[in-house]
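Notes follow once the structure below has been shown.
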Ligand SMILES: Nc1ncnc2c1ncn2[C@@H]1O[C@H](COP(=O)(O)OP(=O)(O)OP(=O)(O)O)[C@@H](O)[C@H]1O
Ligand SMILES: [Mg+2]
């Protein structure tokens, strides 16, 4: 005959299983966390490994400062500056579109619309995010290219501006939904406090709510930026893809992403051109990584300052 | 008679004004006297409903100027709701219907003619939880005056100091006005919120359980602050702390919601001393002595 375990023993047993379960969960979470870092490092190493030949034969300095991109001439010229500038021009235009429009839309949705309008707007934004980029490209071809051509009286409407406008629209869902979240998270207490001091809705919004959501809005802009700089398909369709040094946004440009996508199919695997395209990828990776890091640092500083 | 007058500051000020008028001294003095009693609320037949749910019905009361009026009653009886009627903060919530008549110094505050934004510059509010803005101590205080269009640094500096002194916070923060408000303790934050409300020079300050989230020492400081402020502004305070109501208020109003099916009403309002020693209504006595609620 076995005596039933005492209350204390049973409780102890339960505590032990709970401890074990906790340890397992913690281990899984740790592994996942480290996995993210491992994958990131693996990508960087993989890109660098494949770029070794480019570094050796074309030289990193030469590539980064070169203004001529003629990969198929003999010998090939691999100046990446036109591509880097192309990406920056397009991304700059995209930001100029998505930041003001996106933040204004988020403020409207969060602060000035009733529940009905809010729900409709949110569904529309989700839908916008789900549209494939090639469809945005098509719309750009049909609408924005002729528009830019006419408005600026150009020979071709395929410009950095064209690509940037469409990219800006494409990154709107990111900017709007994350900014809206940030505004939504501002405590009602603060708005109430401001209203009680005789401020109108508008004054409260711009003096308290938006500044209080500042770091979240900043994060939204950074994510939108990441989306814009990494986008490939739409820019291929819209920017004309001339790999020359641009001077204004009304010229045709070729972005880094567009170059990789367009040329990868035609290169000899393991060849110099192939390796250079990996080097372009590595530069792109470094740029996005730096932007994200900078954004994180800014956010961290804000968080420290505003911690309650 | 004298005792009564001394206890009810508002009445005293009124009487003094009347005396001056009788003596027919010059008009300026008389106007000063009238100005001195600004901040008098008068409510009649005030009912409030959240959507279909009627939570307050038929409240009528007189809130004299320059005195402390305490609103007491069990949780959910509509004290906060009634308080929010006085600066139209219910407008901010939406789906709230307020009926009846509320006047501030004779002017209807519920009609179209009253701009709630202007009303709130005259009737400030301090909330249950300290809610400083995410900015410096200085900017928190200057927030209201800046809204009113005051831009001159010297003028703002003066207002900031005055307000912080009024809220008994000046000595603690005068050397660190640029510090972020979130770095203050909870009690300091609440006094900052009082200072912030003072900075717009309101006639009335509404306080909704201003000390309930604070430790005893901070509570004491808030009570001291209230005692000083009542000479210059009307204070309406909601509190669950009976000792506090007895200590700091001149009048007390007791509200009660008999059951969830019916709206709350005002059971009794009167001189605090009387309310706490010899109330007319037995329910008041039960509540105050802690028998229900
Ligand atoms: N925003 C709201 N929407 C709907 N009903 C509300 C709202 N605010 C309050 N009520 C209801 O109105 C009644 C009165 O609430 P109120 O907050 O005014 O009470 P109170 O006396 O301040 O209570 P407490 O002492 O707990 O703060 C309660 O029944 C509450 O459920
Ligand atoms: Mg309340």
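Residue numbers (my numbering), protein chains in the order written: chain A, 351 to 658; chain B, 16 to 308. The beta-carbon is built from N, C-alpha and C at its ideal position, and this holds for glycine as well.
Check	Outcome
Where the region 553-564 of chain A meets chain B: residues whose CB sits under 8 Å from a CB there	553, 557, 558, 561 and 562
Residue closest to residue 297 (chain B), alpha-carbon to alpha-carbon, out of B:283, B:211 and B:287	B:283
Proximity test, residue 582 (chain A) beta-carbon vs ligand 1 heavy atom, cut-off 7 Å	no
Heavy atom of ligand 2 within 7 Å of residue 123 (chain B) beta-carbon	no
Cβ distance (whole Å) where residue 59 (chain B) is taken to contact residue 75 (chain B) below 8 Å	4 Å
C-beta neighbour in chain A for residue 153 (chain B), strict 8 Å	no
Pairwise C-alpha distance: residue 620 (chain A) and residue 403 (chain A)	9 Å
Residue 648 (chain A) at chain B interface by Cβ criterion, 8 Å	no
Check whether residue 244 (chain B) and residue 237 (chain B) have beta carbons under 8 Å apart	no
Counterpart residues of residue 140 (chain B) in DSSP-defined beta bridges	B:221
Anticipated Cβ contact below 8 Å, residue 542 (chain A) with residue 125 (chain B), distance rounded	Actually they do not touch by this definition, with Cβ atoms about 20 Å apart.
Range covered by the beta strand (DSSP E) that runs through residue 63 (chain B)	56-65
Contiguous alpha helix (DSSP H) assignments of at least 4 residues, all confined to the region 598-641 of chain A	606-613
Against chain B: residues of the region 523-550 of chain A by CB proximity under 8 Å	537, 539, 540, 541, 542, 543, 544, 545, 546, 547, 548, 549 and 550
Residue 534 (chain A) (DSSP reduced to helix, strand or coil)	helix
beta-carbon residue 84 (chain B) near ligand 1 non-hydrogen atom, thresh 7 Å	no
Cα-Cα separation, residue 583 (chain A) to residue 478 (chain A)	16 Å
Distance between residue 89 (chain B) and residue 68 (chain B) (C-alpha atoms, nearest Å)	18 Å
Proximity test, residue 253 (chain B) beta-carbon vs ligand 2 heavy atom, cut-off 7 Å	yes
Residue 141 (chain B), buried or exposed, once every other Cβ within 10 Å from all chains shown has been counted against 16	buried
Beta-carbon neighbours of residue 135 (chain B), restricted to chain A and to distances below 9 Å	545, 546, 547, 548 and 549
Host alpha helix (DSSP H) of residue 456 (chain A) (start-end)	431-457
Counterpart residues of residue 85 (chain B) in DSSP-defined beta bridges	B:252 and B:267
Environment of residue 252 (chain B) [buried if 16+ CB atoms lie within 10 Å]	buried
Rounded separation between residue 564 (chain A) and residue 532 (chain A) - CA only	8 Å
Beta carbon proximity, residue 265 (chain B) to chain A, threshold 8 Å	no
Whole-angstrom distance between residue 391 (chain A) and residue 438 (chain A), CA atom to CA atom	25 Å
Chain A within 8 Å of residue 225 (chain B), Cβ atoms only	no
Those runs of the alpha helix (DSSP H) which lie wholly inside the region 505-593 of chain A and span at least 4 residues	510-534, 538-546, 551-554, 564-580 and 583-588
Any C-beta of chain A under 8 Å from that of residue 132 (chain B)	yes
Below-8 Å beta-carbon distance, residue 158 (chain B) vs any chain A residue	yes
Chain-ordered chain A contacts of residue 144 (chain B) [CB-CB under 8 Å]	539
Per-residue DSSP class, three states only, for residue 481 (chain A)	coil
Residue-level contact to chain A via CB, residue 290 (chain B), 8 Å cutoff	no
Inter-residue CB distance, residue 453 (chain A) and residue 525 (chain A) (contact presumed, cutoff 8 Å)	7 Å
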